[in-house]
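Everything on this sheet refers to the single structure shown next.
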Amino acid sequence: MGTRRVLVTGCSSGIGLAMAVRLAKDELRRFKVVATMRDLGKRGPLEKAAGDSLNKTLEIKQLDVCCEASIKECVNSLPDRRVDVLVNNAGVGMIGPVECQSIDSMKELFDTNFFGLARLVRELLPDMKRRQSGHIVAMSSVMGIQGLLFNDVYSASKFAVEGFCESLAVEAMKFNIKITLVEPGPVVTEFERKVYEDAEKMDLSGTDEETAKIFREVYLPYSIKVFASLGQTPEEVAEQTVKVITAKEPPLRHQTNRLYMPMTALKHADPTGRLPLDTFYKMIFKHGSVFNATLGVLRVLQRRAEKK
141 MGTRRVLVTG CSSGIGLAMA VRLAKDELRR FKVVATMRDL GKRGPLEKAA GDSLNKTLEI
201 KQLDVCCEAS IKECVNSLPD RRVDVLVNNA GVGMIGPVEC QSIDSMKELF DTNFFGLARL
261 VRELLPDMKR RQSGHIVAMS SVMGIQGLLF NDVYSASKFA VEGFCESLAV EAMKFNIKIT
321 LVEPGPVVTE FERKVYEDAE KMDLSGTDEE TAKIFREVYL PYSIKVFASL GQTPEEVAEQ
381 TVKVITAKEP PLRHQTNRLY MPMTALKHAD PTGRLPLDTF YKMIFKHGSV FNATLGVLRV
441 LQRRAEKK
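Everything in the sequence shown is counted per the working numbering, starting at 141 for the first residue and increasing by one.
Now the structure itself:
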């Protein structure tokens with residue numbers, strides 16, 4: 141297989157930036173990277189990280205996943221409109237009690253996280269079908285497998301991505317097109333930091349006192365502990381994604397964080413859904429000491445894995 145052109149969205153920071161740089165600096169020079177972002181004014185960190193690969197194996201282009209004209213203009217600017225691999229990474233986050241989220245803000249989140257992917261697929265899929273080749277990689281989340289407290293809307297958007305890709309994958313197989321959902325757990329990025337910063341200042345007047353207290357005094361500290369114990373770096377997620385892209389038979393789903401897998405396994409262990417609900421409820425509200433001990437064990441396992 142020759143050099144493949146990879147279009148990556150959301151490359152101004154975090155996973156998208158790490159992904160674009162990792163592919164561009166591939167030792168085997170297997171990729172030409174089109175690193176895109178909505179606002180080219182934020183290209184500085186990517187240019188710095190790209191180094192010598194800039195304008196050689198990596199070019200930066202403007203692309204707003206919420207704008208069909210922007211997507212079309214970017215794709216039309218490429219030789220033969222060829223995109224061998226799409227890595228759809230652009231996304232936004234949202235946490236907090238659902239009563240405190242406006243319907244407009246929910247729509248905006250879906251516009252990026254779900255409809256952004258749908259727009260890109262609509263633009264690229266016909267060309268991939270004609271060429272009888274291509275790979276669509278959607279950056280999903282473990283929250284696309286299993287809902288999490290105070291992540292109702294974000295999780296819903298990732299469930300939508302999962303259903304969209306799983307359904308499309310059957311049709312895509314007929315045209316030799318691969319589809320993969322990459323499912324990170326907690327990732328320590330500027331994206332995540334800003335989501336939690338905003339959450340701490342969030343106006344909770346739209347909900348009751350007990351819910352507000354649970355969000356501030358239970359959920360936020362709980363999340364900080366989870367990120368400290370289980371969080372991956374963007375570079376680790378990028379490395380896992382490269383393995384998926386270069387696999388001879390790419391999987392439909394790939395979780396990047398082995399330490400988080402026991403959490404998602406609970407869902408498949410009980411078809412009624414009671415087991416994960418009861419487990420998370422007890423960990424959060426009943427047995428804080430068990431929760432902390434579990435994270436402690438996972439921290440040890442993480443350190444051992446890093447030393448290998």
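By construction, the Cβ of each residue, glycine as well, lies at the ideal position given by its N, Cα and C atoms.
When the alpha-carbon of Ala296 is set against those of Gln272, Asn216, Ala209, Met246, the nearest one is in Met246. Within the same chain, and ignoring the five residues on either side of Ala378 in sequence, the residues whose Cβ sits closer than 7 angstroms to its Cβ are Ile155, Ala158, Met159, Arg162. Counting only unbroken stretches of 4 or more residues, the alpha helix (DSSP H) elements lying wholly within the region 393-418 are 401-409, in sequence order. By DSSP's assignment, Leu194 forms a beta bridge with Leu198. Three or more Cβ pairs drawn from the region 327-340 and the region 357-373 lie within less than 8 angstroms of each other, which places the two stretches in contact. For Lys314, no beta strand (DSSP E) encloses it; the enclosing alpha helix (DSSP H) starts and ends at 292-314.
By the criterion of a C-beta distance shorter than 7 angstroms, Cys240 is surrounded in its chain by Met342, Asp343, Leu344, Gly346, Thr347, once the five residues flanking it on both sides are discounted. Contact annotation: Gly371 and Pro326 have beta-carbon atoms nearer than 7 angstroms.
Counting other Cβ atoms within 10 Å of its Cβ, Leu168 stays below 16 and is therefore classed as exposed. Nearest in C-alpha terms to Ala175, of all of Arg333, Leu186, Lys165, is Leu186. For the pair Val227 and Val148, the CB atoms are nearer than the 7 angstroms cut-off. Inclusion of Leu257 and Met234 in the CB contact set at 7 angstroms is not warranted, their separation being larger than that value.
Sequence-distant partners of Thr252 (beyond 5 residues in either direction) whose C-beta falls short of 8 angstroms from its own C-beta, in its chain, are Val205, Cys206, Ala230, Gly231, Val232. Excluding five sequence positions before and after Gly150, the CB atoms of its chain that fall closer than 6 angstroms to its own CB belong to Gly156, Asn229, Ala230, given in chain order.
DSSP, reduced to helix, strand and coil, places Met177 within a strand of the structure shown. Only residues of its own chain outside the window of five on either side were considered, and among them Gly154 have a CB closer than 6 angstroms to the CB of Phe331, listed in chain order.
Per DSSP, the continuous alpha helix (DSSP H) segment holding Asn253 begins and ends at 243-253. Beta bridge pairing from DSSP links Arg144 with Phe171. Only exposed fits Tyr421, as fewer than 16 other CB atoms lie within 10 angstroms of its CB.
For Thr329, DSSP assigns no beta-bridge partner whatsoever.
Leu321: member of the beta strand (DSSP E) spanning 317-323, first to last residue. Boundaries of the beta strand (DSSP E) harbouring Val277: 274-279, taken from the DSSP string.
Rounded to whole angstroms, Thr381 and Glu349 show a C-alpha spacing of 42 angstroms. Taking C-beta separations shorter than 6 angstroms and ignoring five residues to either side along the sequence, the partners of Asn397 in its chain run Gly325, Gln372, following chain order. Contact annotation: Leu415 and Ala409 have beta-carbon atoms nearer than 7 angstroms.
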